[in-house]
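Residue numbers (the numbering used here): 94 to 316. Just so it is clear, CB atoms sit at the ideal spot from N, CA and C, and this is done for glycine as well. None of the values given here were measured: they were computed from a predicted structure. Scroll down for the structure; my scribbles are underneath it.
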Ligand code: ADP
Ligand code: ADP
Ligand code: ZN
C-alpha cells in the first residue's frame, strides 16, 4: 500500500506515519527527516538545505524529487510506503506520478490531515522528539509517561527543531497555503483524496485513517 500523508506543518503527519509503520508494516519516508539527517551529517545537500529550512522556505523541487526517487526503490519499500512531507508542490506531485509510473507502482490513498492554524502554531511550538529514537512528544498533548524519559527507548535526551519557533512557523504555514494546498484538487479529481479531522485526539485520528485504508483495500479487491 502506497500512501501520501498531506497536511500543514504540525498537523500530525509524523505521528500518524509512525503509527502506520508499526501497524501495517509499511515504511515512513519523511523528507524532513531525510533533510535533517543530511544537515546533521554535514553533506553538501545538508549545507544547502539548512539555510532554506531555517527560513521556513521550501528546498528546490529537483533536490526533493531526487531524494524520493532514490529512496522508493529500496528493499524496505516493497510492502509499501507512506510519504510524509512529499509532495509539497505541483511540480513534485507530477514528478511523483512520473516516477511511480516508470516503476509500475500506484498510489492507494492521499490522506489530508485538516487542522486549523492556531492549533498548528501550538503544536509546533510545543513539539520535541527523543534524540535517540525520534519518538515525537508535546509539552501539553503528549508528555513522556515519566518526565524526562523517552517512553520507547528510555533515553533522557530530547531535541527541539530550530525551525519550530513562532516566527518561522508563519513562513512555513504560508508555504503550505501557497504551494502545497493547491495540489489537493489534483488528487481529489482522481478520487484519491480523503480528508481526516486532524483536530481530534491522536488515537481518534489514527482510527479514522485506518478506516480510510480499510475502505480503500476493500474497494481495490472489488475491482
Ligand atoms: P513539518 O513536520 O513541519 O511538516 P518537515 O519536517 O516535513 O516539516 O519539513 C521541514 C522543512 O524541510 C520544510 O520547512 C522545508 O524547508 C523542508 N522540506 C521537507 N520536505 C520538503 C519538500 N517535499 N519540498 C521542499 N522542502 C521540503
Ligand atoms: P507533522 O509531522 O505534521 O509536522 P507531528 O506529527 O510532528 O506533525 O505533530 C506535531 C506536534 O503535535 C507533535 O508535538 C505531536 O506530539 C503533536 N500532535 C500530533 N497529533 C496530535 C493530535 N491529534 N492532537 C494533539 N497534538 C498532536
Ligand atoms: Zn526514545
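- The DSSP-derived three-state label of residue 315 is helix.
- Exposed is the label assigned to residue 140, since fewer than 16 other Cβ atoms lie within 10 Å of its Cβ.
- Note: residue 286 is bridge-paired with 203 in the DSSP secondary-structure output.
- DSSP places residue 253 in the coil class of the three-state scheme, outside both helix and strand.
- At a Cβ-Cβ threshold of 8 Å, residue 121 and residue 157 do not count as neighbours.
- The secondary-structure analysis by DSSP pairs residue 235 across a beta bridge with 231.
- If you ignore the 5 residues before and after residue 177, its C-beta comes within less than 7 Å of the C-beta of 98, 106, 107, 110, 121, 122, 123, all in its own chain and listed in chain order.
- For ligand 3, the residues with a Cβ under 5 Å from any of its heavy atoms are, in chain order, 223, 225, 226, 228, 243, 245, 246, 248.
- Per DSSP, the beta bridge partners of residue 242 are 239.
- In the DSSP assignment, residue 97 falls within the unbroken beta strand (DSSP E) covering 95 to 99.
- About 13 Å separates the beta carbon of residue 277 from that of residue 202, a gap too long to meet the 8 Å contact definition.
- The Cβ atoms of residue 147 and residue 255 sit closer than 8 Å to each other.
- Relative to ligand 2, the beta carbon of residue 150 is positioned no closer than 7 Å to any heavy atom.
- If you draw a straight line from the Cα of residue 233 to the Cα of residue 221, it is about 11 Å long.
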